[in-house]
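Residues in the sequence shown are numbered from 2 upward in steps of one, following our numbering. We put the CB at the ideal spot given by N, CA and C, even for glycine.
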Amino acid sequence: MLRVAVIPGDGIGIEVSREATRVLERAITVFDLDIELDQWDVGAERFLRDGITLTDAEFRTLAEDRDAILLGALGDPRVKDESYVRDILLGLRLKLDLYINYRPCVLPDPSLCPLKDVPAEGIHLDIFRENTEGIYLNLGGVFREGMADEVAIQESVNTHRGVERIVRAAFQFAADRGRPSVTLVDKANAMPIEGALWRRVFDVVAQDYPEVAQNTMYVDAMAMDLVRRPERYSVLVTSNLFGDIISDLAAELTGGLGLAPSANIHPGRHALFEPVHGSAPDIAGLGTANPIGAIRCAGLLLEYFGFEAAAVAVETTVALSIREGQTTADLGGARSTQQVGEWICDNLDATMPSTQPA
Ligand code: IPM
Ligand code: MG
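Laid out in structure tokens, this is it:
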């Protein structure tokens, strides 16, 4: 029995999470899967009401009695205190030591690419973002706060162990999936201290994967080249901050943030799945948010836990919904969040992998 905690969170997280749950429940029925879901009241409403983000007891339950978390989105303009998101999302990533943030970006259809010249080969990027170190640890300090000569220091933490495990995860993924190359994205020219560690570890780990080509690229040049010729890249491995930025860019190149899923993973231990998009408070509650990023998270969850047929069915049905124009307005369709979820549910059983082309 696989136990999944669903945390809808805030804003459109609540709407898209409802559709991801709907599709996951449908997959459980159609494929007869031994998965149990429960809904968690964690987010801004509760924080504003009770002043609680996530209690220690709840954290222990998530860590010990649940195998995975399916998250909608977090963030609410009414909550000014930034520690709120840090406590929950970044807190779970750190405390569960979810060191891989895997963000696949695949262009489903050339019409959804914002580039003038869409590469004939399509775009397929698999981003491996380090998720437990870098500049996200909130280490540093402030001196003379509020004064004209205020000093603010935000430290970037990089450990050999932390770099090694994310770089190895990227190469192992490339080897397992027959992906042609792994590119290290860094800023070793301007940040040579952490850059040297990443490059040294990258070179050593790469030797274990002779069949996978290896490259390095500065992050600014990568931002440029992803717009210019994204087809050259396959698996990208990078630090927490650069991964955050590059994954938004890559998502936009492959159909928009509304489509992009992500998996925060510590293999064999725990996993948290969340769409790359945020809580989008400006469109919350309107029923216009694209639920596909969240539904794809359900697909990634199924894939990660070995429910291969169900995972393929979700991905195939999502692709079909896009091809048939059963989409929200951001993809040019006229369907609501709920209608997209329901369409995917209704078509899920008809899309068994054995009867569908990949
Ligand atoms: C993401 C988000 C988060 C991040 C924010 C909400 C802290 O942008 O998951 O990409 O920066 O990691
Ligand atoms: Mg981000």
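With distance defined between alpha-carbon atoms, name the residue in the options nearest to residue i.
i	options	result
D209	R229, F243 and F174	F174
P262	V7, I293, A207 and S112	I293
D82	P111, L49, C114 and F60	L49
L198	V168, D57, D221 and E309	V168
L242	L273, N139, P268 and F274	N139
V80	D51, D226, R230 and V202	D51
R104	A170, V31, I194 and F32	A170
M225	L116, V205 and R162	L116
F60	L91, D33 and G342	L91
A64	V341, A272, V206 and E325	A272
H161	V206, I53 and E46	V206
Q182	R324, A191 and I128	The amino acid at residue 182 is misidentified as Gln; the sequence shows Ser. Measuring from the Cα of S182, the nearest candidate turns out to be I128.
Which residues in the same chain as residue i place their Cβ atom closer than 8 Å to its Cβ, once the five residues preceding and following it in sequence are excluded?
i	result
T184	Q215, N216, T217, M218, M223, Y234, S235, V236, L237 and V238
L25	V5, I36, L38, L71, A299, L302 and L303
R297	L260, A261, P262, P276, V315, E316 and V319
D347	none
R379	The requested residue 379 is not part of the displayed model; the chain covers only 2 to 359.
V220	V186, D187, K188, T239, F243, I246 and I247
P211	none
G147	none
G123	V107, L108, P111 and E232
M192	S157
Based on DSSP bridge pairs, tell me the residues matched to residue i.
i	result
L237	I128 and T184
N139	Paired residue(s): none; N139 is not in a bridge.
D39	A6
N291	Its beta-bridge partners do not exist; DSSP assigns none.
L273	I70 and N265
F306	Its beta-bridge partners do not exist; DSSP assigns none.
F144	V152
Can you list, in chain order, the residues of its chain whose CB lies under 7 Å from that of residue i, leaving out five sequence neighbours each side?
i	result
I15	P9 and G73
T338	E16, V17, E20, G288, T289, A290, P292 and T329
G12	A74, G76, D77, S280, A281, P282 and A285
N102	R130, N132, G244, S263 and N265
L95	T133
M2	D35 and E37
T30	none
E195	S157 and N159
Q340	none
D204	none
My understanding is that residue i touches residue j, with C-beta atoms under 8 Å, so please give their C-beta distance in whole angstroms.
i	j	result
V152	V158	About 19 Å separates the two Cβ atoms, so there is no contact after all.
L38	T62	About 14 Å separates the two Cβ atoms, so there is no contact after all.
L254	P231	6 Å
L126	G256	Contact doesn't hold; Cβ gap of about 12 Å is too wide.
F172	V107	The pair is not a contact, with the Cβ atoms about 20 Å apart (cut-off 8 Å).
L250	L227	6 Å
A28	A311	4 Å
G135	I154	About 15 Å separates the two Cβ atoms, so there is no contact after all.
Q40	V86	Contact doesn't hold; Cβ gap of about 20 Å is too wide.
D88	L55	6 Å
Starting from the C-beta of residue i, find all residues in its chain whose C-beta is less than 6 Å away, skip the five residues before and the five after it, and write them out in chain order.
i	result
W344	S322 and Q327
T356	Its pLDDT being 42, under 50, T356 is placed unreliably by the model, and the measurement read from it follows with that caveat. Taken in chain order, the list of residues that qualify is empty.
D68	L3 and R4
V119	P111
F306	L3
R166	Y100
F274	L71, A264, C298, L301 and L302
G44	G10 and D11
R180	S235 and V236
Return the first residue and the last residue of the alpha helix (DSSP H) that residue i is part of.
i	result
F174	H161 to R178
N348	T338 to L349
L97	L97 -> no alpha helix (DSSP H), and no H or E assigned at all.
A335	Here A335 belongs to no alpha helix (DSSP H), and DSSP marks it neither H nor E.
L361	It is not possible to answer for residue 361, since the shown part of the chain is limited to 2 through 359.
T30	I13 to V31
A45	A45 to D51
Can you tell me where the beta strand (DSSP E) with residue i in it begins and where it stops?
i	result
V158	That residue, V158, is in no beta strand (DSSP E); it is neither H nor E in DSSP.
V107	I101 to V107
A214	A214 to Y219
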